[in-house]
Amino acid sequence: MKLTASELSYGYPDRTIGRDLSFELAAGEVLCVLGPNGGGKTTLFRTLLGLLEPRGGKILIDDLPLGAWSRRELAKVIGYVPQAHVGSFSFTVREMVLMGRTAHVGLFATPAPRDRDVTDRAINDLGIAHLADRPYTQVSGGERQLTLIARALAQGSSMLIMDEPTTSLDFGNQVLVLGQIAALARAGIGVIFSTHEPDHAFRCAGRVMLLRPGGLLRIGSPEEVVNPDSLHELYGVSVDVVQLPDRRRVCVPAPG
Amino acid sequence: MATLSDGSARVRCGQLALWLAVLAVLCGVALLAGRYPIGPADVLTILAAKLAGGPHAIPSTMETVLFEIRGPRIVAAITVGAALATAGAAYQGMFRNPLVSPDILGVSAGAALGAVLGIFLSLNLIAIQGIAFVGGLAAVAVVYVIGTSVRGYDPILTLILAGVVIGTFLGSCIALLKYLADPYNQLPAITFWLLGSLAAVSPADLEYVVPAVLAGLVPMYLLRWRMNLLTLSDDEARALGVNTAWLRITIVCAATLMTAASVAVSGIIGWIGLLIPHAARMIAGPEFARMLPMSMVLGACYLLGVDTLARTMAEIEMPPGVLTAMIGTPFFIWLLAASRRGWS
Chain C
0 MKLTASELSY GYPDRTIGRD LSFELAAGEV LCVLGPNGGG KTTLFRTLLG LLEPRGGKIL
60 IDDLPLGAWS RRELAKVIGY VPQAHVGSFS FTVREMVLMG RTAHVGLFAT PAPRDRDVTD
120 RAINDLGIAH LADRPYTQVS GGERQLTLIA RALAQGSSML IMDEPTTSLD FGNQVLVLGQ
180 IAALARAGIG VIFSTHEPDH AFRCAGRVML LRPGGLLRIG SPEEVVNPDS LHELYGVSVD
240 VVQLPDRRRV CVPAPG
Chain B
0 MATLSDGSAR VRCGQLALWL AVLAVLCGVA LLAGRYPIGP ADVLTILAAK LAGGPHAIPS
60 TMETVLFEIR GPRIVAAITV GAALATAGAA YQGMFRNPLV SPDILGVSAG AALGAVLGIF
120 LSLNLIAIQG IAFVGGLAAV AVVYVIGTSV RGYDPILTLI LAGVVIGTFL GSCIALLKYL
180 ADPYNQLPAI TFWLLGSLAA VSPADLEYVV PAVLAGLVPM YLLRWRMNLL TLSDDEARAL
240 GVNTAWLRIT IVCAATLMTA ASVAVSGIIG WIGLLIPHAA RMIAGPEFAR MLPMSMVLGA
300 CYLLGVDTLA RTMAEIEMPP GVLTAMIGTP FFIWLLAASR RGWS
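One line per chain: the protein sequences are C and B, in this order.
Residue numbers for the first sequence follow numbering that gives the first Met the number 0, beginning at 0 and rising by one.
Residue numbers for the second sequence follow numbering that gives the first Met the number 0, beginning at 0 and rising by one.
In structure tokens:
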């Protein structure tokens, strides 16, 4: 399982947001996307998911152009984890995760026992089995995010695209979700996620992509890419990157 | 954990069976109730004779009442009730809005304008129903074309806006025809039609209404699980492998077909399409695979019950379109108070 973007331009029919983006993601890799609001992170993700036509360049999945994949087949290889939202209908957590099986359920069919097994396994993997019968609308934001990750897992895809999975979560839940991302990568799943916290890149990403309006600023390992200069260029503020005694790195805004 | 979900699935199956039993009882009551007295034994004798093809000693008036008047009316109430409730349930999910009813895309307004035009031109009943049916389909077709040809906005929002705008336009056309209509003959007929009633249903009507409703109901039933996906955002549903545009147009076509056919024979019977889905959701939960069949059965029960009451409660027949809300509102308030689930 490999995703390749070459000289990709992405945006809307009347407005190209980024150009000339090339990168690869293999199974088990984690790519963290950092960038300011309006930097094109979501637009890039929608393009990678085939929800938006590329404005130029190519996206290959397992060496096959994205356009050659049907929606159903694509859903079996790439999963999408949107930002946790509250829906209009109070499906239970289990019902919500079960929807991940859509690509495996026939058009006029209802989920089979096998789909329910896969669903229960995904729920167990994310440690939310105790919530399975609670309404999705009534669990916490972090639990909702875990539910959506479980849904993408139940989908059976080997690559996940997560749009700001930690935004709007409290500190504990952020750590929990980042831990899950690392666990998914260990299980051989490729993950692309976006975040507003440069620190998160150090926590679980193998590579970091800095995205600004117009396209790519830099891509590379967290140690290479997340430094005061590039963060200043990206966000327009001064940031110190500090190494802790145990060699972990953290970002803090510079004083003054 | 697994046993728990199996257990609740069994409970929910039991609930559907319970309401099907209620529907069967209501059918029995509706066959016996009415001005012309018929006893349970008479009904059984006639049915047995019909099945065996042999003669029977029951007066032929009784047979006519059963097969030409009460029978068709019962079938019509079940068909129309199930159609309106199912269309409402599907639309509420698809538009992600619990306040939506089947006429959001203008099907009732289109059908009403067709019928009012038919009455205004003094056409016969079959022609009036035909124009109403075509009017309902045409209104939704126009709304759908407008809604989907405007690009760059949320497709759901443009569809609703187009529905509201066209609905208002059709409403003023109806008002104009009412103003121009002959106040002694046509205006009362128009008013009665708009109130909604099953009194005029004949066996011949059922020959086209039932197939048209089934043509919408069957695909809806088959797509019942997949409908859950339409309550998610478009991006999410597509990323899960759904062709949302195709699914949406299928549901709009099915809902329009059955609502237009229903409205053409019954006139505008409000309330059912809006609130029966909520009752079904409170009983069966929001998951469409369980909620949609529950909506069908509850809608059928409700309209059959109300129609039976409407034709027996007073010396004159009450319009069921009026009674649906009068009886439904307290019932719904009770349901809301008794339920722990609430709207969603």
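For glycine and all other residues, C-beta sits at the position ideal for the given N, C-alpha and C.
Minimum C-alpha distance to residue i - residue among the options
{"i": "D204(B)", "options": "S121(B), S171(B), G129(B)", "result": "G129(B)"}
{"i": "V208(B)", "options": "P276(B), E314(B), A263(B)", "result": "A263(B)"}
{"i": "V224(C)", "options": "A83(C), T136(C), A253(C), G205(C)", "result": "G205(C)"}
{"i": "W270(B)", "options": "D102(B), L15(B), N184(B)", "result": "D102(B)"}
{"i": "T328(B)", "options": "L43(B), V251(B), L15(B), A278(B)", "result": "A278(B)"}
{"i": "I180(C)", "options": "H195(C), A200(C), L209(C)", "result": "A200(C)"}
{"i": "L233(C)", "options": "V176(C), L216(C), P221(C), D62(C)", "result": "L216(C)"}
{"i": "D61(C)", "options": "F44(C), I77(C), K1(C), L47(C)", "result": "K1(C)"}
{"i": "T247(B)", "options": "L43(B), M93(B), A48(B)", "result": "Looking at the sequence shown, residue 247(B) is not Thr but Arg. Here the closest residue by C-alpha is M93(B)."}
{"i": "A149(C)", "options": "D116(C), L24(C), D198(C)", "result": "D116(C)"}
{"i": "W333(B)", "options": "T157(B), D153(B), I282(B), A23(B)", "result": "I282(B)"}
{"i": "R45(C)", "options": "G52(B), D233(B), A337(B)", "result": "D233(B)"}
{"i": "N123(C)", "options": "P134(C), R113(C), V32(C), L152(C)", "result": "L152(C)"}
{"i": "F22(C)", "options": "L210(C), P252(C), D245(C), H231(C)", "result": "L210(C)"}
{"i": "T194(C)", "options": "P164(C), L168(C), P212(C)", "result": "P164(C)"}
{"i": "T15(C)", "options": "I127(C), S5(C), T42(C), V207(C)", "result": "T42(C)"}
{"i": "N344(B)", "options": "A126(B), I159(B), S261(B), G13(B)", "result": "The structure shown does not extend to residue 344(B), since chain B spans only 0 to 343, so no value can be given for it."}
Residue i and residue j closer than 7 Å at C-beta
{"i": "W224(B)", "j": "A288(B)", "result": "yes"}
{"i": "I118(B)", "j": "A188(B)", "result": "yes"}
{"i": "R71(C)", "j": "G240(B)", "result": "yes"}
{"i": "M290(B)", "j": "T85(B)", "result": "no"}
{"i": "C250(C)", "j": "V240(C)", "result": "yes"}
{"i": "A114(B)", "j": "A137(B)", "result": "no"}
{"i": "V139(B)", "j": "V99(B)", "result": "no"}
{"i": "I73(B)", "j": "A29(B)", "result": "yes"}
{"i": "Q91(B)", "j": "P276(B)", "result": "yes"}
{"i": "G17(C)", "j": "G219(C)", "result": "no"}
{"i": "A102(C)", "j": "K75(C)", "result": "yes"}
{"i": "L194(B)", "j": "G304(B)", "result": "no"}
{"i": "G272(B)", "j": "G87(B)", "result": "yes"}
{"i": "L7(C)", "j": "P64(C)", "result": "no"}
{"i": "D198(C)", "j": "Q82(C)", "result": "no"}
{"i": "G56(C)", "j": "S5(C)", "result": "yes"}
{"i": "T307(B)", "j": "A32(B)", "result": "yes"}
Through-space distance from residue j to residue i, alpha-carbon basis
{"i": "W342(B)", "j": "V85(C)", "result": "Its pLDDT being 47, under 50, W342(B) is placed unreliably in this model, and the value from its coordinates should be taken loosely. Cα to Cα, the separation comes out at about 14 Å."}
{"i": "T91(C)", "j": "G39(C)", "result": "33 Å"}
{"i": "G171(C)", "j": "G140(C)", "result": "11 Å"}
{"i": "M325(B)", "j": "M226(B)", "result": "31 Å"}
{"i": "R247(C)", "j": "S229(C)", "result": "19 Å"}
{"i": "A198(B)", "j": "S265(B)", "result": "8 Å"}
{"i": "G27(C)", "j": "P254(C)", "result": "38 Å"}
{"i": "M95(C)", "j": "L51(C)", "result": "25 Å"}
{"i": "Y11(C)", "j": "L243(C)", "result": "43 Å"}
{"i": "S148(B)", "j": "W18(B)", "result": "43 Å"}
{"i": "I160(C)", "j": "M257(B)", "result": "40 Å"}
{"i": "G215(B)", "j": "V80(C)", "result": "34 Å"}
{"i": "G34(C)", "j": "G187(C)", "result": "26 Å"}
{"i": "G99(C)", "j": "Q154(C)", "result": "5 Å"}
{"i": "L183(C)", "j": "V144(B)", "result": "44 Å"}
{"i": "I250(B)", "j": "A56(B)", "result": "49 Å"}
{"i": "V141(B)", "j": "V164(B)", "result": "11 Å"}
{"i": "L177(C)", "j": "C203(C)", "result": "7 Å"}
{"i": "M222(B)", "j": "L179(B)", "result": "Note that residue 222(B) corresponds to Leu in the displayed sequence, not to Met. Rounded to the nearest angstrom, the two C-alpha atoms are 45 Å apart."}
{"i": "I68(B)", "j": "Y35(B)", "result": "11 Å"}
{"i": "F192(C)", "j": "A20(B)", "result": "52 Å"}
{"i": "L3(B)", "j": "L48(C)", "result": "Unreliable placement is indicated for L3(B), whose pLDDT of 42 sits below 50; no coordinate value is reported for it."}
{"i": "A47(B)", "j": "Q185(B)", "result": "44 Å"}
{"i": "D132(C)", "j": "V174(C)", "result": "25 Å"}
Chain-ordered neighbours of residue i on chain A, where CB pairs are closer than 8 Å
{"i": "S232(B)", "result": "Judged by its chain identifiers, the structure shown contains no chain A, and its protein chains are C and B."}
Exercise for the section: Could you pull out every unbroken alpha helix (DSSP H) segment of at least 4 residues lying fully inside the segment 143–221 of chain B, listed in chain order? Expected result: For the alpha helix (DSSP H) assignment, the uninterrupted runs of no fewer than 4 residues enclosed by the segment 143–221 of chain B are, from N- to C-terminal side, 154–179, 185–194, 202–221.
Handout entry: alpha helix (DSSP H) segments (min. 4 residues) lying fully within the segment 172–234 of chain C
Key = 197–203, 221–224, 227–234
Practice task
Report the residues of the segment 238–257 of chain B with a CB closer than 8 Å to any CB of chain C, ordered along the chain.
Solution key: Contact residues of the segment 238–257 of chain B toward chain C are A238, L239, G240, V241, N242 (C-beta to C-beta distance below 8 Å).
Handout entry: Inside the segment 38–102 of chain B only - beta strand (DSSP E) runs reaching at least 3 residues
Key = As far as the segment 38–102 of chain B is concerned, it has no whole beta strand (DSSP E) run of at least 3 residues.
Problem - Residues of the segment 91–106 of chain C whose Cβ lies closer than 8 Å to any Cβ of chain B, in chain order - result: T91, R93, E94, M98, G99, T101, A102, V104, L106
Exercise for the section: Taking a Cβ distance cut-off of 7 Å, strictly less, list which residues of the segment 32–57 of chain C are near chain B, in chain order. Expected result: R45, L48, L50
Exercise for the section: Closer than 8 Å, Cβ to Cβ, to anything on chain C: give me those residues from the segment 183–196 of chain B, in chain order. Expected result: none
Practice task
Taking a Cβ distance cut-off of 8 Å, strictly less, list which residues of the segment 83–100 of chain B are near chain C, in chain order.
Solution key: G92, R95, N96, P97
Problem - Near-chain B residues of the segment 140–153 of chain C - C-beta to any C-beta below 7 Å - result: none
Exercise for the section: Quick one: which unbroken beta strand (DSSP E) runs of 3-plus residues sit fully inside the segment 37–61 of chain C? Chain order, please. Expected result: 55–60
Practice task
Anything in the segment 107–126 of chain C with a Cβ closer than 9 Å to a Cβ of chain B? List those residues in chain order, please.
Solution key: F107, A108, T109, P110, R115, D116, D119, I122, N123
Handout entry: Positions along the segment 201–225 of chain B whose CB lies within less than 8 Å of some CB in chain C
Key = L221, L222, R223, W224, R225
Problem - chain C contacts made by the segment 269–294 of chain B, where a contact means CB separation under 7 Å - result: P285, E286, A288
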